[in-house]
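Taking it in order: structure first as structure tokens, then the write-up.
4 protein chains.
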Amino acid sequence: MIVSMQETATDQQIQQVIEHLVRMGFAVHRTTGERQTVLAAVGARIDFDTRNLEVLSGVEHVHRISAPYKLAARSFRPQGSVIEVGNGIKIGGEEVVVIAGPCSVESRDQLFIVAEQVAKAGARGLRGGAFKPRSSPYSFQGLGLEALKLLREAGDRFKLLVVSEVMEISQIEVMLPYVDIFQVGARNMQNFNLLRELGKIRKTVLLKRGIAATLEELLLSAEYIMAGGNYNVVLCERGIRTFETYTRNTLDISAVPIIHKLSHLPISIDPSHGTGLRDKVAPMARAALAAGTDALLIEVHHDPDKALSDGAQSLYPEQFSKLMDELRMIAPAVGRKIA
Amino acid sequence: MIVSMQETATDQQIQQVIEHLVRMGFAVHRTTGERQTVLAAVGARIDFDTRNLEVLSGVEHVHRISAPYKLAARSFRPQGSVIEVGNGIKIGGEEVVVIAGPCSVESRDQLFIVAEQVAKAGARGLRGGAFKPRSSPYSFQGLGLEALKLLREAGDRFKLLVVSEVMEISQIEVMLPYVDIFQVGARNMQNFNLLRELGKIRKTVLLKRGIAATLEELLLSAEYIMAGGNYNVVLCERGIRTFETYTRNTLDISAVPIIHKLSHLPISIDPSHGTGLRDKVAPMARAALAAGTDALLIEVHHDPDKALSDGAQSLYPEQFSKLMDELRMIAPAVGRKIA
Amino acid sequence: MIVSMQETATDQQIQQVIEHLVRMGFAVHRTTGERQTVLAAVGARIDFDTRNLEVLSGVEHVHRISAPYKLAARSFRPQGSVIEVGNGIKIGGEEVVVIAGPCSVESRDQLFIVAEQVAKAGARGLRGGAFKPRSSPYSFQGLGLEALKLLREAGDRFKLLVVSEVMEISQIEVMLPYVDIFQVGARNMQNFNLLRELGKIRKTVLLKRGIAATLEELLLSAEYIMAGGNYNVVLCERGIRTFETYTRNTLDISAVPIIHKLSHLPISIDPSHGTGLRDKVAPMARAALAAGTDALLIEVHHDPDKALSDGAQSLYPEQFSKLMDELRMIAPAVGRKIA
Amino acid sequence: MIVSMQETATDQQIQQVIEHLVRMGFAVHRTTGERQTVLAAVGARIDFDTRNLEVLSGVEHVHRISAPYKLAARSFRPQGSVIEVGNGIKIGGEEVVVIAGPCSVESRDQLFIVAEQVAKAGARGLRGGAFKPRSSPYSFQGLGLEALKLLREAGDRFKLLVVSEVMEISQIEVMLPYVDIFQVGARNMQNFNLLRELGKIRKTVLLKRGIAATLEELLLSAEYIMAGGNYNVVLCERGIRTFETYTRNTLDISAVPIIHKLSHLPISIDPSHGTGLRDKVAPMARAALAAGTDALLIEVHHDPDKALSDGAQSLYPEQFSKLMDELRMIAPAVGRKIA
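Sequence order for the protein chains is A, B, C and D.
Just so we're on the same page, this note's numbering is the position in the first sequence counted from 1, plus 3.
Just so we're on the same page, this note's numbering is the position in the second sequence counted from 1, plus 3.
Just so we're on the same page, this note's numbering is the position in the third sequence counted from 1, plus 3.
Just so we're on the same page, this note's numbering is the position in the fourth sequence counted from 1, plus 3.
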């Protein structure tokens, strides 16, 4: 940690800050320049609230010098993580994994029609919501356990990984027999109790970035899961909230190269939630691949106009199939391949 | 709902949109102007996803014309809500209610020292965290049930309302005997399952705005609670995330007059979380009062340098006492009073 | 324009709003639903400040139904614009045009070395700043006219279009003999006097989006130029300001498909300013192409460590050359080609 | 400057960074901790682009330790600046100065009616736009020189300072005989050529914060003016762009205590532009005063429904008068007074 003192700081103030740091367990190196004094504090603690120093008299600014996460940092596994998700499928390797399916599981027919079509087009995973608390109290809320069973059955039939969102600790056990990947939604990215419990299982967790979360905060949430021993974490960018209102969110594709620099964890992109509009999904999926994403999550529905949720951002199966063809053309340019 | 068609929309496209709207249960009025056709759709549904229309061919834009909430809207109770919180204290009336206390309950001594001092200075409520999941997996996590008991005891001793944060459905029952106000934190503003359960109790819920939530979304979350029959909801602005990094968040004080226009629910301000820095708390608390807030939440600690969490944003008791004096001077300018 | 009245609006209030609209020249259609009254106002004015209605008693919300721009709208030229920039090069056609060069023109040697290398790699345009007002008053400020002459000479020698930024009205005439494309920087996107003057020339204007500008505001600025008769406008996305601080800006690649839907004007992407970091430039340039951009602006410097400005975001010539090869592999996937 | 190296950085990489820093004129102190090496670079340059270090191999992060401005920093005048604006009126002293008037000067009658009324209510300055480039090319553009003359005449008649916006270098000389304060609008906050010219005059400059500018950037723009010798700068917060759309901008009132800590310059608040809606102006003006603002800018129009610009955010004279009474009640709570 670096503490830069105000130019007008007195020696007594500087001494007090040094003592405070020493009391917190840091070793302190003092540098006095022409204009001001700077203190470098070195130590093992990574959870220090720098504001505790900022409010001391004479302090101008405090900068953390090391990332507040360890297990999620690139230095922990410089070669990068390749996560074995099941069925011999790996995320983070040469193949870019595409996971597709409806926003919500609505019925057996719906799910099987969609699953068959996305499998045929080259998807490796089947996504579908079982529990759907919605922002309006007056909307469709999901099929629950019934949906999980259908997902598993369809997954087995069409050789697709099963991905579904977990929203509460109590759902983890319910979901365990049915899903291959537990998705943590953007709103739960900082539900630390849930993250801690997911650290105790060994199945893959797909962790979505909150709409107002920095990438550092995303990595800190991954650290929560990993601190429990579960290193099978795949990050996911799905759009952040900005002043632009034309799209529901602004999909931050630069998250891909940034995460690849900061962390060894694979990163995926969800262009469906990231844009919220069907005709923007294919361009942004292609862009994500060209930027180097390790996986893609795409909403597909055989009859989006009648979808019970998020129909507007779901691709028709034939749009999805066309997109997969385009992705296959782009993949070699970034040294990757698509199934 | 208003659907504006593209200038180039064909009659067939317009007809399809009309049929779609009718199928969804809307009555449709068509207006054809010089440049384009506009459809006004009137109906009872308030949870319609407007994007389902935006993706139809020929559609330019879709505007919702009525707010997506009803019970939280000003029109539901044009005279405004005054919520009886307990002990004869009301939020939303002439008195502006100040709730103060430490970020986390750390010990009996700490809590009682702080409680006595804030009560003497004129606070009406005692706040304190019992459950503290933190953004770093390596930080202090709260005293739990023990904290709740201490809060109740201190509240009774010093005639203060007890306010504490609920983070999971399972905590509601644990907390019920001890707290007067259930606080819902910013990260849980859209935890709809939790909101629904809080709709079943009758104690007051203090609902904090998420750091990336619009005021409309805040009201929609209030609607969730009210839809269950619990109309005792107090809203709380505690800072939103913006590009400015000097403060932890940007406290949006304009939320006060806006909420007073859009809703009948009282609105409170939390300048401690809203700024994150002790020396900004008093100016922003005064500003909130001058803007018309119905309540204030302020972190106070008798020894902030040793606080286990958020010490940097906690006032010393004597700072709090001075602030209360300033607030008493300002209150008459907005037709209010402070205890 | 659609005016939705509050549920509690009286008939007299509704009547006043109607009269106000009629006075402003609108034809008004009234729709009364179960809960509220809605007024649709149709007319020719496109510059109406909707807030003038929002403050009238009884009004809940006002929505503009037509875009506030006409000439920049897709409907003006549904087939899209292909802009002839010079040298037989077109922006908006099958070829994706790459413009490269240093941030600032620093010397003859620097410019000619870079120009030769980018030309060899396939660039079609040469960019370079002549006037460089910087955010610090203590930084390098550009070579001015000398830089323009060097740009023209290098452009002619290596058959590259010359692109340079215009910052003031007085520079237009100075630049006219030397540049093929006038770049308007993000900070000048709403310098309306400058835009009006650029509407009087017939050379191409490359208009960059402001860091806090919505896409609608970008199109409105394009309208300013076009209103003067200059339809040769190419838009440019170069990053918006968000809460994420890892990158200087967040490059909003979804601007590409959105602009293509809303407008007939070509759109370009500047990944150098959009990310501010060299190792993010190539991934984001590939992403932009995969999303369908019509042109790319890329900073290249033969010795970026010694660049007088923006060295950190400049590619080495060999990095640029490698990027061009990757772009050539991606282009067919989106039906485009690269020189 | 502090350069923190990656944990995996080699000694050779560290050496290269040190050499780079020395070449740039810095003295370097090296600290090697358990996990990583940190370099503290001390020197006189304040305009260094830290990204030039960030792209070197082995570098994790670079932090600037001193503010990039000097003259605008608090340490330059720890006691704070009190600026004599004219007529014996000072900004930054005990009196909080209120400047009021119409958005645009529209006619002699309009200006004189408004000026008389705001003067009677206690305003000390008269604001009014002479040059009004608008975001739509189809709107009213201002009366120009005629407006300046009217402002001066009205200012003299009613003993009000004259404040008007300068938009281009060429207007400075035109305006000099007529105005007491040159206002620089939010869009021109980083028009560095204009700022430099304003550094050459000695009249007060009221510098508005850009809608996407950090407070540090605002101070850096003030530095530009001061570097030319003009220390008569008053800063102004007028709302920043956030994701919230209910208000035109989010007025960041915390700018007041922050600027007071970082800088010696006075800070003013413009609640009219900051909210964009008449009924939010008075609450936010009161809030600004309670937070400690040194001045207020408020739009007042005798007939806002017919105003040619920004009528929706202008107060009626009687609203302004009532607000002044409220401000007089609040001022003592912050140790200030209102005329």
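All C-beta atoms in this analysis are idealised placements derived from N, C-alpha and C, irrespective of residue type, glycine included.
Keep in mind the model is a prediction, meaning the values are calculated, not measured.
(Q) Let me make sure I understand the geometry here. Which of D/169, D/197 and D/306 has the alpha-carbon closest to that of residue 110 of chain D? (A) The residue labelled residue 110 of chain D in the question sits at position 107 within the fourth sequence. Minimum Cα distance to residue 110 of chain D is reached at D/306.
(Q) Using only the alpha-carbon positions, how far apart do residue 151 of chain D and residue 202 of chain D sit? (A) Looking up residue 151 of chain D in the fourth sequence gives position 148. Looking up residue 202 of chain D in the fourth sequence gives position 199. Near 21 Å, if we compare the C-alpha coordinates of residue 202 of chain D and residue 151 of chain D.
(Q) residue 86 of chain A and residue 128 of chain A - do their beta-carbons sit closer together than 8 Å? (A) Counting from one through the first sequence, the residue named residue 128 of chain A turns up at place 125. Counting from one through the first sequence, the residue named residue 86 of chain A turns up at place 83. Contact flag unset, no.
Q. Per DSSP, residue 35 of chain A forms a beta bridge with which residues?
A. Along the first sequence, one-based indexing puts residue 35 of chain A at 32. Answer by DSSP bridge pairing, in chain order: A/40.
(Q) Report the CB separation of residue 283 of chain A from residue 97 of chain A in whole angstroms; it is logged as a contact under 8 Å. (A) Counting from 1 along the first sequence, the entry for residue 283 of chain A is found at position 280. Counting from 1 along the first sequence, the entry for residue 97 of chain A is found at position 94. At roughly 28 Å, the Cβ-Cβ gap does not stay under 8 Å, so residue 283 of chain A and residue 97 of chain A are not in contact.
Q | residue 7 of chain C burial status per 10 Å Cβ neighbour count (16 or more: buried) | A | For the purposes of this step, residue 7 of chain C is identified with residue 4 of the third sequence, where counting begins at 1. By the C-beta density criterion, residue 7 of chain C is buried, having at least 16 other C-beta atoms within 10 angstroms.
Q: Could you tell me the boundaries of the beta strand (DSSP E) in which residue 164 of chain C lies?
A: In the third sequence, counting from the first residue as 1, residue 164 of chain C sits at position 161. For residue 164 of chain C, the enclosing beta strand (DSSP E) stretches over residues 164-169.
Q. Measuring CA to CA, which of B/22, B/80 and B/156 is closest to residue 10 of chain C?
A. If you number the third sequence from 1, residue 10 of chain C lands on position 7. Comparing Cα positions, the closest option is B/80.
Q | Per DSSP, cross-strand counterpart(s) of residue 239 of chain C | A | Counting from 1 along the third sequence, the entry for residue 239 of chain C is found at position 236. For residue 239 of chain C, which the question treats as bridged, DSSP gives the partners C/211 and C/271.
Q. On the three-state DSSP scale, how would you describe residue 327 of chain A?
A. Within the first sequence, residue 327 of chain A is the residue found at index 324, counting from 1. If DSSP states are grouped into helix, strand and coil, residue 327 of chain A belongs with the helices.
Q. Based on Cα-Cα distance, which residue from D/235, D/25, D/218 and D/153 lies nearest to residue 186 of chain D?
A. For this step, residue 186 of chain D is matched to residue 183 along the fourth sequence. When each option's Cα is compared against that of residue 186 of chain D, the closest is D/235.
Q) Along chain C, in chain order, which residues have C-beta atoms closer than 7 Å to that of residue 11 of chain A? A) Position 8 of the first sequence, counted from the first residue, corresponds to residue 11 of chain A. Neighbours of residue 11 of chain A on chain C: none; closest Cβ ~22 Å, over 7 Å.
(Q) Which residues in chain C have a C-beta closer than 8 Å to the C-beta of residue 94 of chain D? List them in chain order. (A) The residue you call residue 94 of chain D lines up with position 91 of the fourth sequence. Chain C residues near residue 94 of chain D: none, gap ~23 Å exceeds 8 Å.
Q) Where residue 242 of chain B and residue 276 of chain B are concerned, what is the direct C-alpha to C-alpha distance, given to the nearest angstrom? A) Residue 242 of chain B sits at position 239 when you count from the first residue of the second sequence. Residue 276 of chain B sits at position 273 when you count from the first residue of the second sequence. Roughly 7 Å between the two C-alpha positions.
Q: Decide if residue 338 of chain D is buried, meaning its Cβ has at least 16 other Cβ atoms within 10 Å, or exposed.
A: The residue you call residue 338 of chain D lines up with position 335 of the fourth sequence. Looking at its Cβ environment, which holds fewer than 16 other Cβ atoms inside 10 Å, residue 338 of chain D is exposed.
Q: Compute the Euclidean distance between the alpha carbons of residue 333 of chain C and residue 301 of chain D, then round it to the nearest angstrom.
A: In the third sequence, residue 333 of chain C corresponds to position 330, counting from 1. In the fourth sequence, residue 301 of chain D corresponds to position 298, counting from 1. So the alpha carbons of these two residues sit roughly 55 Å apart.
Q: Leaving aside the five residues before and after residue 32 of chain B along the sequence, list all residues of the same chain whose C-beta is less than 6 Å from its C-beta, in chain order.
A: As a first step, residue 32 of chain B is located in the second sequence; it is residue number 29 there, counting from the start. The residues are 43.
(Q) Please list, in chain order, the residues of the region 279-313 of chain C that have any C-beta partner in chain A closer than 8 Å. (A) 282, 283, 286, 287, 289, 290, 291, 292, 293, 294 and 295
Q: Let me know the alpha helix (DSSP H) ranges lying completely inside the region 75-147 of chain A, each 4 residues or longer, listed in chain order.
A: Segments of the alpha helix (DSSP H) lying fully in the region 75-147 of chain A: 111-124.
Q) Between residue 304 of chain B and residue 310 of chain B, which are expected to be in contact by the criterion C-beta below 8 Å, what is the C-beta distance as a whole number of angstroms? A) To locate residue 304 of chain B, count along the second sequence from 1; it is residue 301. To locate residue 310 of chain B, count along the second sequence from 1; it is residue 307. Going by Cβ atoms, the distance from residue 304 of chain B to residue 310 of chain B rounds to 5 Å, so yes, they are a contact pair.
Q.
For a contact defined as C-beta to C-beta under 7 Å, what are the partners of residue 66 of chain B on chain C?
A. Indexing the second sequence from 1 puts residue 66 of chain B at position 63. Here the neighbours are 5 and 66.
(Q) Check whether the region 110-123 of chain C and the region 146-165 of chain C are in contact - that is, three or more C-beta pairs closer than 8 Å. (A) yes
**Q.** Ordered list of beta strand (DSSP E) runs contained in the region 246-321 of chain C, each at least 3 residues
**A.** 270-272 and 298-302
Q: Report all residues from its chain with a CB closer than 6 Å to the CB of residue 343 of chain B; omit the five preceding and five following residues, and keep chain order.
A: What is shown of chain B runs 4 to 342, which leaves residue 343 of chain B out entirely.
Q) Using CA coordinates, which residue listed in D/210, D/229, D/200 and D/231 is at the minimum distance from residue 221 of chain D? A) Translated into positions along the fourth sequence, residue 221 of chain D becomes position 218. The residue with the shortest Cα to Cα distance from residue 221 of chain D is D/210.
Q. Do you know how far the Cα of residue 296 of chain D is from the Cα of residue 175 of chain D?
A. Looking up residue 175 of chain D in the fourth sequence gives position 172. Looking up residue 296 of chain D in the fourth sequence gives position 293. C-alpha separation (whole angstroms): 27 Å.
(Q) Helix, strand or coil for residue 8 of chain B? Go by DSSP, reduced to three states. (A) For this step, residue 8 of chain B is matched to residue 5 along the second sequence. DSSP places residue 8 of chain B in strand when its eight states are reduced to three.
Q: On the DSSP bridge assignment, give the partners of residue 186 of chain C in chain order.
A: Position 183 of the third sequence holds residue 186 of chain C. Answer is C/168 and C/209.
**Q.** Boundaries of the beta strand (DSSP E) in which residue 65 of chain A is found, first to last residue
**A.** Within the first sequence, the letter at position 62 stands for residue 65 of chain A. That run of the beta strand (DSSP E) goes 62-66.
(Q) Cutting at 8 Å between CB atoms, please list the residues of its own chain near residue 264 of chain C, excluding the five before and the five after it. (A) For this step, residue 264 of chain C is matched to residue 261 along the third sequence. Within the same chain, Cβ atoms closer than 8 Å to the Cβ of residue 264 of chain C are found at 77, the five residues on either side in sequence being excluded.
(Q) Does residue 193 of chain C pass the burial test, meaning 16 or more other C-beta atoms within 10 Å, or should it be called exposed? (A) Within the third sequence, numbered from 1, the residue matching residue 193 of chain C stands at position 190. When all chains shown are included, residue 193 of chain C counts as buried.
**Q.** Residues of its chain near residue 82 of chain B, where Cβ-Cβ distance is below 8 Å and the 5 sequence neighbours each way are ignored
**A.** Position 79 of the second sequence, counted from the start, is the residue given in the question as residue 82 of chain B. Short of 8 Å from the beta carbon of residue 82 of chain B, and not among the five residues preceding or following it, lie these beta carbons of its own chain, in chain order: 267.
(Q) With DSSP as the reference, identify every bridge partner of residue 45 of chain C, one or two as the case may be. (A) As a working note, residue 45 of chain C is residue 42 in the third sequence. In DSSP, residue 45 of chain C forms a bridge with C/30.
Q. Interface residues of chain B around residue 340 of chain D at Cβ under 9 Å?
A. On the fourth sequence, position 337 is the one that residue 340 of chain D refers to. Near residue 340 of chain D there are no residues of chain B at all, since even the closest Cβ is about 13 Å away, more than 9 Å.
Q.
For residue 336 of chain B and residue 132 of chain D, what's the separation of their Cα atoms in angstroms?
A. Translated into the one-based positions of the second sequence, residue 336 of chain B becomes position 333. Translated into the one-based positions of the fourth sequence, residue 132 of chain D becomes position 129. C-alpha separation (whole angstroms): 31 Å.
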